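Some notes on the structure that comes next.
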Amino acid sequence: MKQKTDVLQGTLALMVLKTLDVLGPLHGYGIARRIEQISGDLLAVNQGTLYPVLLKLEQEGAIASEWGASENNRRARFYRLTRAGRKQLQVETQDWEQTAAIIGRFFEAKPEDLS
Amino acid sequence: MKSLRRFFTRLCNLMTRRAQEERLREEIAEHIALQIAENLRAGFSPVEARRQAMLKFGGVEAMKQDFRAVRGLLLIENFLGDLRNAGRTISRMPGLATVTIVSLAIGIGVNTTIFSWIQMILFEPMPAVTGAASFLLVEPRTETGGYPGASWMEYRDLQTQVPALRDVVASQMVPFNVGEKGQTERTHGQLVSGNYFSALGLKPAIGRFIRPEEAERPGTEPVIVISYDYWQTRFHGAPEAVGQKVRVNERDLIVIGVAPRGFQGTMLPLKFELWVPATMAPALLGGTRDLEDRSIRAFSLIGMLRPGATREEAQAEFSTAMAQLARDYPEASAGIGGEILPFWNGPRGPQRLLISGLAILQGVMLLLLLAVCGNTANLMLARGSTRQREMAVRMALGAGRGRIASLVLSENMVLAFLGASLGAAIAVWGTTALRVAPMIGAFPILFPTRVDGFTLAFAVLLGAACGLLFSAAPAVHLARLDPQEGLRSSSNTPPRSRARKVLMGAEVGLAMVVLIAAALFLQSFRSARQTDPRFRPEGVLLAAYDLSGRNPDETSEREFAARLLERLRSLPDVEAAAMATNVPLDLHGIPARPFTVQGRVRTEPGKDRAISNTVTPGYFKVMGIPLVEGNDFAEMGDRAAPPQAIVNEEFVRRYLNGADALGRRLQMRAGSFSIIAVARNSVYDAFGEPAQPAVYLSYRDRPQDQGEIHLRTRTGNETALTSEARAVLRDLDPMLPLYDVRTFAQHIERNLYLRRIPARMFAVLGPLLLGLAAIGIYAVVSYAVARRTREIGVRLAFGATSRRVVLQIIRENLGGITWGAAIGWVLALLISVRVIAKGAVNFPVFIGVPAILLGVAALACWIPARRATRIDPMAALRHE
Numbered sequence: 001m002k003q004k005t006d007v008l009q010g011t012l013a014l015m016v017l018k019t020l021d022v023l024g025p026l027h028g029y030g031i032a033r034r035i036e037q038i039s040g041d042l043l044a045v046n047q048g049t050l051y052p053v054l055l056k057l058e059q060e061g062a063i064a065s066e067w068g069a070s071e072n073n074r075r076a077r078f079y080r081l082t083r084a085g086r087k088q089l090q091v092e093t094q095d096w097e098q099t100a101a102i103i104g105r106f107f108e109a110k111p112e113d114l115s
Numbered sequence: 116m117k118s119l120r121r122f123f124t125r126l127c128n129l130m131t132r133r134a135q136e137e138r139l140r141e142e143i144a145e146h147i148a149l150q151i152a153e154n155l156r157a158g159f160s161p162v163e164a165r166r167q168a169m170l171k172f173g174g175v176e177a178m179k180q181d182f183r184a185v186r187g188l189l190l191i192e193n194f195l196g197d198l199r200n201a202g203r204t205i206s207r208m209p210g211l212a213t214v215t216i217v218s219l220a221i222g223i224g225v226n227t228t229i230f231s232w233i234q235m236i237l238f239e240p241m242p243a244v245t246g247a248a249s250f251l252l253v254e255p256r257t258e259t260g261g262y263p264g265a266s267w268m269e270y271r272d273l274q275t276q277v278p279a280l281r282d283v284v285a286s287q288m289v290p291f292n293v294g295e296k297g298q299t300e301r302t303h304g305q306l307v308s309g310n311y312f313s314a315l316g317l318k319p320a321i322g323r324f325i326r327p328e329e330a331e332r333p334g335t336e337p338v339i340v341i342s343y344d345y346w347q348t349r350f351h352g353a354p355e356a357v358g359q360k361v362r363v364n365e366r367d368l369i370v371i372g373v374a375p376r377g378f379q380g381t382m383l384p385l386k387f388e389l390w391v392p393a394t395m396a397p398a399l400l401g402g403t404r405d406l407e408d409r410s411i412r413a414f415s416l417i418g419m420l421r422p423g424a425t426r427e428e429a430q431a432e433f434s435t436a437m438a439q440l441a442r443d444y445p446e447a448s449a450g451i452g453g454e455i456l457p458f459w460n461g462p463r464g465p466q467r468l469l470i471s472g473l474a475i476l477q478g479v480m481l482l483l484l485l486a487v488c489g490n491t492a493n494l495m496l497a498r499g500s501t502r503q504r505e506m507a508v509r510m511a512l513g514a515g516r517g518r519i520a521s522l523v524l525s526e527n528m529v530l531a532f533l534g535a536s537l538g539a540a541i542a543v544w545g546t547t548a549l550r551v552a553p554m555i556g557a558f559p560i561l562f563p564t565r566v567d568g569f570t571l572a573f574a575v576l577l578g579a580a581c582g583l584l585f586s587a588a589p590a591v592h593l594a595r596l597d598p599q600e601g602l603r604s605s606s607n608t609p610p611r612s613r614a615r616k617v618l619m620g621a622e623v624g625l626a627m628v629v630l631i632a633a634a635l636f637l638q639s640f641r642s643a644r645q646t647d648p649r650f651r652p653e654g655v656l657l658a659a660y661d662l663s664g665r666n667p668d669e670t671s672e673r674e675f676a677a678r679l680l681e682r683l684r685s686l687p688d689v690e691a692a693a694m695a696t697n698v699p700l701d702l703h704g705i706p707a708r709p710f711t712v713q714g715r716v717r718t719e720p721g722k723d724r725a726i727s728n729t730v731t732p733g734y735f736k737v738m739g740i741p742l743v744e745g746n747d748f749a750e751m752g753d754r755a756a757p758p759q760a761i762v763n764e765e766f767v768r769r770y771l772n773g774a775d776a777l778g779r780r781l782q783m784r785a786g787s788f789s790i791i792a793v794a795r796n797s798v799y800d801a802f803g804e805p806a807q808p809a810v811y812l813s814y815r816d817r818p819q820d821q822g823e824i825h826l827r828t829r830t831g832n833e834t835a836l837t838s839e840a841r842a843v844l845r846d847l848d849p850m851l852p853l854y855d856v857r858t859f860a861q862h863i864e865r866n867l868y869l870r871r872i873p874a875r876m877f878a879v880l881g882p883l884l885l886g887l888a889a890i891g892i893y894a895v896v897s898y899a900v901a902r903r904t905r906e907i908g909v910r911l912a913f914g915a916t917s918r919r920v921v922l923q924i925i926r927e928n929l930g931g932i933t934w935g936a937a938i939g940w941v942l943a944l945l946i947s948v949r950v951i952a953k954g955a956v957n958f959p960v961f962i963g964v965p966a967i968l969l970g971v972a973a974l975a976c977w978i979p980a981r982r983a984t985r986i987d988p989m990a991a992l993r994h995e
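The listed protein sequences derive, respectively, from chains L and S. Just so we're aligned: 47 in the numbering used here is position 47 of the first sequence, and the numbers increase by one with no gaps anywhere. Quick note, the numbering used here runs 115 ahead of the 1-based positions in the second sequence.
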């Protein structure tokens, strides 16, 4: 149970970082929407789980936040990527691609390749 | 790095908790508002738009909890929460909390006080000296196991011959007569080696200390160091004290310095006021040959191990050195070996005696504390059961078993620490009260106990241990609770807790042991006042004189005693007068000496020993001890009679099988004596002691340089003799003070002082413990009964008499109690037979205490049981 959330949180964090990298400063709802749009309905996750992830990233210094005005002109918290965050994104993207490649090769492998 | 940074952020977040919560709330509100707006645009109705938004967001509370977990340090936060909760819970049960805290405080306070004494004797045997516990006693030891002390010459040799020890220090205890003619005052001091103060690492309060070269050549340096208290009382703390003269044993000595505050010499608990170079001995003590004569073993040696050296090495070197000395000086050192002893195990002084006594006392008091814990655990358990519902609700809301346990634990720990703090306060009070100790016997005694960090740590540790101990059972009990079960409004089958019964039994058992110990102790103490000492202490005045400062020879000692006795007898109000070397019932005891007697062959190894007291003619008349056979000693002036001895009845019974003793020869180390009379047995060391064999020798044959004057008054007012006795002594020798003047009754009181402290402790703690046990039993039974109201109602409805129900409840509860009591009783009996009385059983105590304890227990069961059956059966059935 805990294991699963950890994995999810890890990928969720990467998605948050990437979203902010591409779109610039966004509030929590914006991030949630964007992730939803990109992943389609495949990632059926409660939007609420985003907030602990945001907090963790902020504590680590990957993102920073400040108050700003939302679309309907109310106070909202805007998150943006920091320099450290950008670096982290780079490293994690590489890691992720590497992992994905390895896993991919495993899935493609046939019995004769392994013998 | 990252984790460290996160830790600090979290720590900060802990402080700004409210602001954070506020921010999160706002963010969530905004998020949902945006989602609703989006949903509305997508064509949902307002209600549906809101519902969908909430669904999409997910559980707000769970998310918040996740958020908090990321944000702060959950452990600390929980801990603070627990503390707050504990405070609230405790304030809701003031009665229970007070009982718990006060009983714990008393238990911990008493234990801490005793611990502070033990700690002082073991770790701080020399007040004001840092690292005093690492000093070792360097004691020459005779073949027979005596510790005669070291001679000055021997000390000089040993200084170089035991390289494993550095700074071996020599000191000799001396009573000085300080002051001008006719108004001298007896003050205790030490003759010390030149390295005394430097080896102890002391710094003078003012002035300087004795230098090594000042203790090199005999009689050249008339200098003196005074104690801080002496400086304060005699010189009012004036810095001009340095350089002034003090008249000691008719010689002027110049004050060179003041010892640091609290320093009282190297023989705890004796309190010394003056320190003089050992080389002043001949000048101060009437030309004594202490410094040259190897057979005068007047000094005590102490030393510290050199870094890296072990006690075994020191012991080996010391033994070698003593063996060499025995070869070099056979007439003074033959057969004398040596032993290195830890400070607390010294052959002189009361440390050794105190340590064993205190260890027993500590043991009993720890048992008491354990009983208090058992009691508290029981109360908590009983209370915990009434909280089952509360705990079930907490569990239903998602609290884990660990959280429940930690909740209960923190409540109890708060109680325990409150108790420990109060206990520490009691200990502070207890130790200061003890500091006001009187002169005991002829010596000034001060126990400089105090509560320091170490003792406080002990108190806290005790508190923590108690807290853990008495929260374990309730914590486990509550954490194992099934929330479903707990939430059900009525529990039809009340769980009969085995744990509670076992605890109740254990508590009563412990109470039994401690109460019996207390009763035995109090009884032996009380019997001290009631048993017949077999002599007549009423109407007797005691006072001491000491010629040792004059270094007199036997003839002058005998003459002095004879003249003193004659003058005292001629006083009009004196019915009888005598001198003796020892006074019965003295804290320090009367020495027992080895002997052989004609007509007795000892079959087992070792030597026969008998209490020995040297007395003048007339002693038996003053003391009111009848002579059953023979006559009193020959008069002091009689030169014709051979050396005489008087033995007591027990001596005749034990060593001569009751045969005729008169005329037999008695061989002692002091010489050969002829037995001329048999005296009735009397008490020597303690009231209620078994009869001890005793030998009395005469001052005529064995003159002494000091003595205790015994005067029996004719008028019944012995204190009135004081001034007359003083006048007599002043006439004989104006420089000699009469000291330690007291009535025999005062002497007895004073020597019971140390026994009185534990007696008082027991007198207070015994009833307290009984009360605690009663409260504990009462709480448990009344809880158990309350849970069974319905059952009782059914029984009553079916026609059971209330009497029968009450009896049944009492029987059920008394079962466990009786078991515990029986085990405790057997335990106490074993201890008593094996350790204390050595065979004799004190029946009144061993029957009375269980009767009282079980009576109180039955009463504590009866009251709640009775109350339960008063209930109307119908009401009981409807109840719950």
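The C-beta atom is built at its ideal place from N, Cα and C for all residues, glycine as well. Note that this is a predicted model, so its numbers are computed, not measured.
Interface residues of chain S facing residue 46 of chain L [CB-CB closer than 8 Å]: 171, 172, 173, 174, 178
Within chain L, the residues that residue 182 of chain S reaches when beta carbons sit closer than 7 Å: 51, 52, 55
Three or more C-beta pairs below 8 Å linking the segment 758 to 767 of chain S and the segment 613 to 631 of chain S: no
Whole-Å CB distance - residue 320 of chain S paired with residue 373 of chain S, under 8 Å assumed: 4 Å
Where the alpha helix (DSSP H) containing residue 650 of chain S begins and where it ends: Counting along the chain, residue 650 of chain S falls outside any alpha helix (DSSP H), and DSSP gives it neither H nor E.
Which of helix, strand or coil DSSP assigns to residue 617 of chain S: helix
Short Cβ contact (8 Å threshold) for residue 818 of chain S with residue 676 of chain S: yes
Own chain, CB closer than 6 Å to residue 491 of chain S, minus 5 neighbours either side, in chain order: 215, 585
When S:266, S:394, S:281, S:140 are compared against residue 332 of chain S, the one with the closest alpha-carbon: S:394
Separation of residue 506 of chain S from residue 521 of chain S, as counted between CA atoms: 12 Å
Pairwise C-alpha distance: residue 226 of chain S and residue 402 of chain S: 50 Å
Nearest candidate by alpha-carbon position, reference residue 418 of chain S, set S:786, S:345, S:327, S:249: S:249
Close-in-space but distant-in-sequence residues of the same chain around residue 662 of chain S (CB under 6 Å, 5 per side omitted): 820
Beta-carbon gap between residue 223 of chain S and residue 574 of chain S smaller than 8 Å: yes
For residue 727 of chain S, the first and last residue of its enclosing beta strand (DSSP E): 723 to 730
Assigned exposure category for residue 774 of chain S - 16 Cβ within 10 Å defines buried: exposed
For residue 799 of chain S, the three-state DSSP class (helix, strand or coil): coil
Cutoff 8 Å: residue 70 of chain L Cβ touching any chain S Cβ: yes
Against chain L: residues of the segment 504 to 526 of chain S by CB proximity under 7 Å: none
C-beta atoms of residue 337 of chain S and residue 368 of chain S nearer than 8 Å: yes
Completely contained beta strand (DSSP E) runs for the segment 653 to 694 of chain S, where each covers 3 or more residues: 655 to 661
Sheet register partners of residue 265 of chain S (DSSP bridge): S:414
Length of the line joining the Cα atoms of residue 983 of chain S and residue 907 of chain S: 8 Å
Neighbour flag for residue 79 of chain L against chain S, beta carbons, 8 Å: no
Secondary structure of residue 98 of chain L, DSSP reduced to three states: helix
Residues of its chain near residue 618 of chain S, where Cβ-Cβ distance is below 6 Å and the 5 sequence neighbours each way are ignored: 489, 492, 493
Proximal chain S residues relative to residue 28 of chain L, where beta-carbon distance stays under 7 Å: 142, 146
Secondary structure of residue 243 of chain S, DSSP reduced to three states: coil
For residue 64 of chain L, the residue or residues it bridges with in DSSP: L:80
Contact with chain L by residue 139 of chain S, beta-carbon distance below 8 Å: yes
Where residue 1036 of chain S sits in the DSSP three-state scheme: Lying outside 116 to 995, the shown extent of chain S, residue 1036 of chain S is not represented and no answer is given.
Beta-carbon contacts of residue 111 of chain L that lie in its chain and below 8 Å, excluding the five residues immediately before and after: none
Cβ of residue 152 of chain S within 8 Å of any chain L Cβ: yes
Identity of the residues DSSP links to residue 291 of chain S by a beta bridge: S:302
Coil, strand or helix - residue 71 of chain L by DSSP: coil
Residues that residue 155 of chain S contacts on chain L, provided the C-beta gap is smaller than 9 Å: Under the 9 Å cutoff, chain L gives no residues; its nearest Cβ is about 11 Å from residue 155 of chain S.
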